[in-house]
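Accompanying notes for the structure given below.
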Amino acid sequence: MIFPSDHPDYLDQPKGIKQVFLECGLWPNKGLVMQCKSTCEVGMTDCCACCLIGNQPDFKKQQSLVQEVIEAAGHKCIFLLKSHYELNFIEFFWGAVKCYLADHYNYTFDTLKENMLKALAAVEVSTICKWEHWMQRWMHAYREGLGAKEAQFKVCKFSSTKYTSHHHIPNQVAAVFDT
Ligand SMILES: [Zn+2]
Numbered sequence: 001m002i003f004p005s006d007h008p009d010y011l012d013q014p015k016g017i018k019q020v021f022l023e024c025g026l027w028p029n030k031g032l033v034m035q036c037k038s039t040c041e042v043g044m045t046d047c048c049a050c051c052l053i054g055n056q057p058d059f060k061k062q063q064s065l066v067q068e069v070i071e072a073a074g075h076k077c078i079f080l081l082k083s084h085y086e087l088n089f090i091e092f093f094w095g096a097v098k099c100y101l102a103d104h105y106n107y108t109f110d111t112l113k114e115n116m117l118k119a120l121a122a123v124e125v126s127t128i129c130k131w132e133h134w135m136q137r138w139m140h141a142y143r144e145g146l147g148a149k150e151a152q153f154k155v156c157k158f159s160s161t162k163y164t165s166h167h168h169i170p171n172q173v174a175a176v177f178d179t
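The opening residue of the sequence shown carries number 1 in full-length UniProt numbering; numbering runs sequentially from there.
This is how it looks when you write it as structure tokens:
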């Protein structure tokens, strides 16, 4: 939101969150911090300006631009849980790429650029499939209602006892993943 032309001092300037609230009559007399220092308390809707604006009906309804663009192109946009890298196997891919780059680095930007495509190509498709299967096992464990620790224990136990090949999943396991 920007100031309209009848504010010559602020023409085309962003209004800012406080001005928007003042105009809507939502700015509390006691004032508000812009954002809570740590995470906002669960259930609070007006602990800070960011929380208050995030809880306005029009803000809640607004999708992100990324989501709008993805869905306009006919795709689904699925947000993964925050801080659960184990459910996002591209994280393992980036990790492997970074390892490759670190192993082939001579502290020059040219070498880094040269090695980037090699690093991306160095990750075998079979390895990516392994990560995808690993992620499926995490999802299965969470669907059973397990917490993070129990799920990790189950996934690790499963990997070491039943599933040792990167290239093949036993049929009974594939059936579990399909459910
Ligand atoms: Zn807050």
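Using N, Cα and C, we set each Cβ at its ideal position, and we do this for glycine too.
- Here residue 44 is exposed, its C-beta having fewer than 16 other C-beta atoms within 10 Å.
- Residues 47, 48 and 51 of the same chain have their beta carbon placed closer than 7 Å to that of residue 40, with the five preceding and five following residues left out of the count.
- Residue 57 is bridged by DSSP to nothing; it lacks a bridge partner.
- When the five nearest sequence neighbours on each side are left out, no beta carbon in the same chain lies closer than 7 Å to the beta carbon of residue 84.
- Closer than 6 Å to some heavy atom of ligand 1: that describes the Cβ of residue 47.
- Within the same chain, no residue comes within 8 Å of residue 149 by CB-CB distance, once the 5 residues on both sides are set aside.
- The beta carbons of residue 134 and residue 89 sit about 7 Å from each other, so the pair counts as a contact at 8 Å.
- For residue 93, the enclosing alpha helix (DSSP H) has its first and last residue at 90-103.
- Taking each of 18, 80 and 35 in turn and checking the Cα distance to residue 29, the smallest one comes out for 18.
- Straight-line spacing of the CA atoms in residue 139 and residue 124 works out to 23 Å.
- Of the candidates 75, 91 and 76, the residue whose Cα lies closest to the Cα of residue 82 is 91.
- Within the same chain, Cβ atoms closer than 6 Å to the Cβ of residue 96 are found at 123, the five residues on either side in sequence being excluded.
- When distances are taken from the beta-carbon of residue 24 to the heavy atoms of ligand 1, even the shortest one reaches 6 Å or more.
- Annotation: residue 29 is outside any alpha helix (DSSP H) and is labelled neither H nor E by DSSP.
- Cβ atoms of residue 137 and residue 158 come within 8 Å of each other, at about 6 Å.
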